[in-house]
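Remarks on the structure that follows.
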Amino acid sequence: MTTNDTNTRKSIRQKHILDLDALDQSDIELIFENTDSMMEVLNRGIRKVPALRGKTIITLFYESSTRTRVSFEQAGKILSADVINVSSDGSSTKKGESLYNTALTLQAMKADAIVIRHQHSGAAYFLAQQMESTSIINAGDGMHAHPTQSLLDLYTIKKHLGTISSKKVVIIGDLLYSRVARSNLWGLTTMGANIVLCGPNTLLPQDFQDNRLLETNHPFRNIQIEENIGTALEDADVVMALRLQSERQKAGHLPSLREYSRRFGITSERLKVAKPDAIIMHPGPMNEGVEIESDVAHGPQSVIESQVTTGVAIRMAILYDLITGNHSEKEL
Amino acid sequence: MAANVLIKGGRIIDPSQSIDEISDLLVTDGIITEIKTSIDTPRNSDVFDAEGKIVCPGFIDLHCHLREPGEEYKETIQTGTAAAAAGGFTTVCAMPNTIPAMDNQSVIEYVLKKARETAQIRVLPIGSVTIGRKGKQLSEMSELAELGVIGFSDDGDPVEDPNIMRQALSYSAGLNLPIINHCEVPALAEGASMNEGWVSNRLGLKGMPNSAEEVMVARDLSLAELTGGRIHIAHASTVGTLNLIKAAKARGIKGTCEVTPHHLTLSERLVMGPTEDSFVPLARNAYDTNAKVNPPLRNQSDVSAMIEGLQNGTVDVIATDHAPHNEVDKTTTFQDAAFGISVLETAFGSLMTLVDNGHIDITTLIKKLTADPAKFLGMGIGNLKKGSNADITVFDPSETWIINSQTFLSKGKNTPLEGTLLKGKIKATFYKGRKIY
Chain U
1 MTTNDTNTRK SIRQKHILDL DALDQSDIEL IFENTDSMME VLNRGIRKVP ALRGKTIITL
61 FYESSTRTRV SFEQAGKILS ADVINVSSDG SSTKKGESLY NTALTLQAMK ADAIVIRHQH
121 SGAAYFLAQQ MESTSIINAG DGMHAHPTQS LLDLYTIKKH LGTISSKKVV IIGDLLYSRV
181 ARSNLWGLTT MGANIVLCGP NTLLPQDFQD NRLLETNHPF RNIQIEENIG TALEDADVVM
241 ALRLQSERQK AGHLPSLREY SRRFGITSER LKVAKPDAII MHPGPMNEGV EIESDVAHGP
301 QSVIESQVTT GVAIRMAILY DLITGNHSEK EL
Chain X
333 MAANVLIKGG RIIDPSQSID EISDLLVTDG IITEIKTSID TPRNSDVFDA EGKIVCPGFI
393 DLHCHLREPG EEYKETIQTG TAAAAAGGFT TVCAMPNTIP AMDNQSVIEY VLKKARETAQ
453 IRVLPIGSVT IGRKGKQLSE MSELAELGVI GFSDDGDPVE DPNIMRQALS YSAGLNLPII
513 NHCEVPALAE GASMNEGWVS NRLGLKGMPN SAEEVMVARD LSLAELTGGR IHIAHASTVG
573 TLNLIKAAKA RGIKGTCEVT PHHLTLSERL VMGPTEDSFV PLARNAYDTN AKVNPPLRNQ
633 SDVSAMIEGL QNGTVDVIAT DHAPHNEVDK TTTFQDAAFG ISVLETAFGS LMTLVDNGHI
693 DITTLIKKLT ADPAKFLGMG IGNLKKGSNA DITVFDPSET WIINSQTFLS KGKNTPLEGT
753 LLKGKIKATF YKGRKIY
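Going line by line, the protein sequences match chains U and X. Positions 1 to 332 (my numbering) are the ones given, in order, by the first sequence. Positions 333 to 769 (my numbering) are the ones given, in order, by the second sequence.
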């Protein structure tokens with residue numbers, strides 16, 4: 001079996017999922033296929049398969065999260081793995097034990113996979129460097145990456161629009177602090193989308209279009225930055241709103257949430273210039289009335305709620321692939 | 333020890349006297365007594381064959397962290413000065429961010445006593461500007477000056493309050509000593525762990541912009557003009573900083589600056605990992621905490637500006653900002669890791685790449701490590717004049733070596749250059765005529 005043989009291979013042959021920059025188009029498509037199978041399992045009457053029986057998955061969450069942690073836990077349990085949840089409230093992480101020592105302890109427990117969320121960018125990379133045999137899944141590291149959320153977004157687009165290639169995807173809001181957006185830039189670029197970033201200058205690093213990137217033939221060279229939301233939304237296929245945290249106002253990035261909402265909030269009025277069948281996405285949790293109006297969030301074009309179920313299937317596909325896949329041929 | 337040391341056949345470069353010739357150099361009782369084409373070996377001599385090597389004054393480092401007292405697990409005066417000697421340095425200035433800070437006579441006396449007992453080179457203490465380096469109340473600068481501090485600094489932190497800086501510059505002017513400031517506006521650098529730019533955006537790390545440094549440099553130069561005090565900008569790292577210093581010097585303001593070897597040779601790319609092609613995908617060894625330093629490694633145009641500053645004299649001296657850390661301080665996430673690089677033992681080899689690439693000539697490099705820092709200190713060191721202390725460094729400009737931090741004499745193994753091939757190696761260091769390395 002060769003790496004390029006997408007018809008027969010079953011695994012993306014990665015040891016870790018740290019970000020989407022390590023996956024090519026055929027990898028992502030393979031994950032989609034496997035997610036389809038997992039969706040089928042989720043629709044059964046008895047939602048349990050023995051695929052990962054005897055395997056141990058540890059979720060290690062240094063930041064509070066309900067949806068992502070539960071999504072991984074459920075994914076692991078449906079596949080019959082033993083899932084151990086470690087969160088910063090219930091372990092020595094609050095007692096000042098370093099991530100390094102935690103890594104050594106978990107290593108000794110011989111977990112098959114560790115799902116880590118951490119408030120510091122690069123934490124998953126740090127863990128991956130320390131671990132010899134355990135697969136690391138990045139469930140969000142600081143402002144850097146959130147690859148499983150991004151795969152979920154990509155899968156959702158594909159399911160609703162049939163393809164991602166050449167679709168106009170507009171990402172609106174706090175791009176400076178958004179790990180979801182950073183991972184999506186890689187995933188969407190790999191899948192051939194046309195990306196437009198929109199937001200106030202204070203939350204939209206111009207470095208996404210840095211000249212040095214243009215010169216070096218960087219994959220992000222086609223990303224457009226547009227400050228006017230009306231122009232950004234014209235003929236959009238996908239509108240992705242990002243969560244705006246109230247801390248941004250305190251740090252001086254914004255005069256007020258009210259003004260942000262008036263300039264960049266997604267309203268049904270503004271969506272009129274987008275394609276009629278455009279879909280509305282949000283990685284959650286939403287601030288309805290700030291970055292997105294309630295009637296849009298829960299309206300006919302919104303795919304936000306269907307994303308939650310799909311998230312479990314995506315994570316089942318990832319866990320299954322990393323734990324059972326032969327990743328010796330293709331490592332980072 | 334023999335009374336005489338004869339260093340034979342080396343290329344002697346002493347920028348303080350514009351000497352560049354192949355000669356012998358004779359040391360008697362720790363004092364340089366003669367430089368001549370051929371000196372007969374006197375009785376009772378140690379002879380050091382320096383053929384094919386360069387003999388120059390011992391290097392002077394205006395900025396290093398020896399960590400003692402308080403953080404002896406990172407470095408001690410003994411290990412730090414041994415590392416310095418291995419790097420060709422015979423004089424180091426110790427920054428006062430110890431625990432407790434070097435803000436009173438007792439701590440300075442402790443450092444001087446430890447240096448007498450454990451160091452084989454000259455250790456010159458720097459006093460802190462304010463009590464406890466807290467930026468609120470001036471240290472008793474005059475008392476510290478009596479013990480021989482060479483200036484004042486709250487390095488590690490800036491003197492944030494402009495009024496305190498004004499008073500410090502004014503007060504120290506009366507003592508004819510400089511204030512050495514770590515320029516960083518805290519509000520512009522809050523939470524930042526690297527340079528702000530495309531790499532920080534790529535890695536999702538909060539960056540500090542060049543302005544965080546430049547805004548305070550501009551303030552300090554203005555206050556130096558107001559007070560007539562001497563301001564020395566520690567570890568200048570941006571093109572804007574050098575432009576400000578250049579303009580200030582032209583106006584007669586007593587402003588000087590130093591640049592570190594890493595800001596002259598390394599860019600922010602290193603944070604993405606030691607290999608150059610690690611952009612897509614990001615290497616698993618990205619977020620290299622050994623490349624975390626403050627001020628941060630900047631972009632290539634800043635690095636080029638630093639080199640240009642060396643060439644045109646805007647940069648007064650090269651100083652290491654040697655900042656040793658224990659492994660536990662670096663074995664963590666990038667954000668949590670300590671700032672700092674262990675520099676003393678790699679400084680010279682790194683700087684020689686600038687010579688090899690034709691950016692600067694060997695004499696300029698030696699001058700920035702010897703005569704110019706000596707001038708800053710106002711001391712008769714850093715030269716090979718007859719009658720001077722025989723502080724001498726001998727290096728082989730063409731010998732190559734690979735950096736292996738496990739062989740460092742410094743306790744700090746924290747270098748982003750592990751495994752790097754360098755050309756130019758220190759072969760011997762003499763302090764007052766005694767071979768200490």
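Each residue gets a CB set at the ideal place from its N, CA and C atoms; glycine is no exception.
In this structure, the beta-carbon distance from N138(U) to I116(U) falls below 9 Å.
Just measuring C-alpha positions, the residue of N101(U), L151(U), S133(U), S178(U) sitting nearest T56(U) is S133(U). Under the three-state reduction of DSSP, N85(U) is assigned to strand.
According to the DSSP assignment, Y763(X) belongs to the beta strand (DSSP E) that extends over 753–763.
A residue is called buried when at least 16 other Cβ atoms come within 10 angstroms of its Cβ; L558(X) does not meet this threshold and is exposed. Taking 8 Å as the upper bound for CB-CB distance, M434(X) and G459(X) are in contact here, some 6 Å apart. The C-alpha of Q307(U) lies about 56 Å from the C-alpha of E400(X). Using a Cβ-Cβ cut-off of 9 Å, A139(U) does not count as an interface residue toward chain X, since no Cβ of chain X sits closer than that to its own.
For D237(U), the nearest beta carbon of chain X is not closer than 9 Å to its own beta carbon. With contacts defined as CB atoms closer than 9 Å, F380(X) and L701(X) fail to qualify as a contacting pair.
For the 9 Å CB-CB criterion, K167(U) and L161(U) form a contact. Nearest CB-CB separation between A544(X) and chain U: not below the 9 Å threshold.
Pairing L602(X) with P748(X), the inter-Cα distance amounts to about 8 Å.
Taking C-alpha positions only, I734(X) is separated from A544(X) by approximately 35 Å. Taking the CA atoms as reference points, A580(X) sits about 18 Å from N542(X). Contact annotation: in the segment 658–674 of chain X, residues whose CB is within less than 9 Å of a CB in chain U are V660, T663, T664, T665, F666, Q667, D668. Taken atom to atom, the span from the alpha-carbon of P255(U) to that of Q249(U) is near 6 Å. Taking C-alpha positions only, L188(U) is separated from N222(U) by approximately 11 Å. Within the segment 220–290 of chain U, complete alpha helix (DSSP H) segments of at least 4 residues are found at 229–233, 247–250, 257–264, given in chain order. Comparing C-alpha distances from E234(U) to each of N101(U), H120(U), K272(U) shows the shortest one belongs to K272(U). D277(U) sits exposed, since fewer than 16 C-beta atoms from the chains shown fall within 10 Å of its C-beta.
Contact with chain X is found for G142(U), since one of that chain's Cβ atoms lies less than 9 Å from the residue's Cβ. The continuous beta strand (DSSP E) containing L394(X) extends over residues 391–396. In the structure shown, the three-state DSSP call for M109(U) is coil. Contacts between Y320(U) and chain X, judged by CB atoms closer than 7 Å, are missing: the closest CB pair is about 22 Å apart. If you draw a straight line from the Cα of I78(U) to the Cα of M38(U), it comes to about 10 Å.
Within 7 Å of the CB of A618(X), the CB atoms of chain U belong to G122, Y125, in sequence order along the chain. A direct Cα-Cα distance of roughly 7 Å separates H657(X) from S674(X).
Under DSSP, R117(U) shares a beta bridge with F61(U).
Taking 9 Å as the threshold, the shortest C-beta distance from P613(X) to chain U falls below it. Below 8 Å, too few C-beta pairs join the segment 496–512 of chain X and the segment 525–539 of chain X to call them touching: fewer than three. D346(X) has its alpha-carbon roughly 6 Å from the corresponding atom of L716(X). Counting other Cβ atoms within 10 Å of its Cβ, A128(U) reaches 16 or more and is therefore classed as buried. When the alpha-carbon of E33(U) is set against those of K159(U), R270(U), Q224(U), I225(U), the nearest one is in K159(U).
Of the residues F220(U), N85(U), R262(U), the one whose Cα lies closest to the Cα of G199(U) is R262(U). Chain X has a Cβ within less than 9 Å of the Cβ of R182(U).
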